[in-house]
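Residue numbers (our numbering): 17 to 345. The beta-carbon is built from N, C-alpha and C at its ideal position, and this holds for glycine as well. Remember, it's a predicted structure, so these values are computed and weren't measured experimentally.
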């Protein structure tokens, strides 16, 4: 039976998948569980704005996501009366930490957008500096999010946020980053629940352990928090029925061809974000349910993970501090 790893990306899913495959377990990975969202992805990747390189990469993910969506839909129809349970692993991550890691992972696509923004807002005789342009885009994004009255975790608010972002940047680049920035806050409602019928917020989550096991509607869901992965390997092994699981770093953002320091990029962004906006992010249902708080802060979680990884680097999936992580497929 397959194990489906359905997650928002940049949460160490590749490390888990590769570890399971070493034990000859069939694993399928997907960022999308919703049929409507999958259809939207097809529209985006066939659009003119996406380069051939990025479109081909998206297509390979799409094929696997199509199969995952099918398997989830079959189980959803069968319901609790099904003879078998569909095993699903999903993961959370601190919302602020997630964004900069996601940007680095997808830089080959976002560089094109930064260049589009730059050409619109700056004179032709000014040189393009991607780090400076990204900082400018983030600054405008934070301005919109700090001033808006729209809820940050509701997909229904995106049209209002788009209008507010486009007032500052008619190219749509600021809104595209704003949309990505808010993904963790919406993902379980927007992508996961439509495909599985499971509202993870209806079930308890052990914030101390960083995990939950949910069995409902024919699904057996292991929900994990990225920051706790070093100590969660035994639980993953038990969930899939093997004795031991060894997690190793995989698909790391440090390995991507980003023309500026990922660490500096994240540090600059974290210094720019208004405190009121950060507090608002950490009062969302996502942050509260999974134990992410403004007081403890995402920096503390990252530093804890780093200290653990440094103490036993060979056995830990969580890598060095800001320059990232074991990421998504």
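Backbone CA spacing between residue i and residue j [nearest angstrom]
i: residue 19; j: residue 258; result: 13 Å
i: residue 144; j: residue 180; result: 26 Å
i: residue 303; j: residue 294; result: 11 Å
i: residue 321; j: residue 241; result: Reliability of the predicted coordinates at residue 321 is poor, the pLDDT of 41 falling under 50, and no value is obtained from them.
i: residue 113; j: residue 38; result: 29 Å
i: residue 108; j: residue 140; result: 42 Å
i: residue 314; j: residue 173; result: Reliability of the predicted coordinates at residue 314 is poor, the pLDDT of 45 falling under 50, and no value is obtained from them.
i: residue 385; j: residue 225; result: Because the chain in this structure spans residues 17 to 345, residue 385 falls outside the shown range and cannot be described.
i: residue 71; j: residue 238; result: 31 Å
i: residue 183; j: residue 43; result: 44 Å
i: residue 154; j: residue 161; result: 10 Å
i: residue 120; j: residue 99; result: 42 Å
i: residue 102; j: residue 235; result: 5 Å
Delimiting residues of the alpha helix (DSSP H) encompassing residue i
i: residue 229; result: Where residue 229 is concerned, there is no enclosing alpha helix (DSSP H), although the beta strand (DSSP E) it sits in stretches over 227-232.
i: residue 284; result: 278-288
i: residue 256; result: 245-256
Close beta carbons around residue i, own chain, < 8 Å, minus the five adjacent residues each side
i: residue 54; result: 48, 78, 81, 82 and 85
i: residue 233; result: 91, 92, 95, 96, 212, 213 and 214
i: residue 151; result: 284, 285 and 288
i: residue 67; result: 124, 125 and 128
Beta-carbon proximity list for residue i, same chain, < 6 Å, skipping 5 on both sides
i: residue 198; result: 168
i: residue 147; result: 276
i: residue 204; result: 216
i: residue 260; result: 253
i: residue 50; result: 207, 210 and 211
Own chain residues within Cβ distance below 7 Å of residue i, not counting five before or after
i: residue 137; result: none
i: residue 156; result: 184, 185 and 190
Limits of the unbroken beta strand (DSSP E) element including residue i
i: residue 33; result: Run containing residue 33: none in the beta strand (DSSP E); it sits in the alpha helix (DSSP H), 29-37.
i: residue 21; result: 19-22
i: residue 192; result: That residue, residue 192, is in no beta strand (DSSP E); its alpha helix (DSSP H) goes 189-197.
Which runs of the beta strand (DSSP E) spanning at least 3 residues fall entirely within the region 55-114, listed in chain order?
102-108
Report yes or no: do the region 210-223 and the region 128-136 share at least 3 C-beta pairs separated by less than 8 Å?
no
Touch check for the region 68-77 and the region 88-101: three-plus C-beta pairs under 8 Å?
no
Taking the runs of the beta strand (DSSP E) that are 3 residues or longer, which of them lie wholly in the region 116-185?
none
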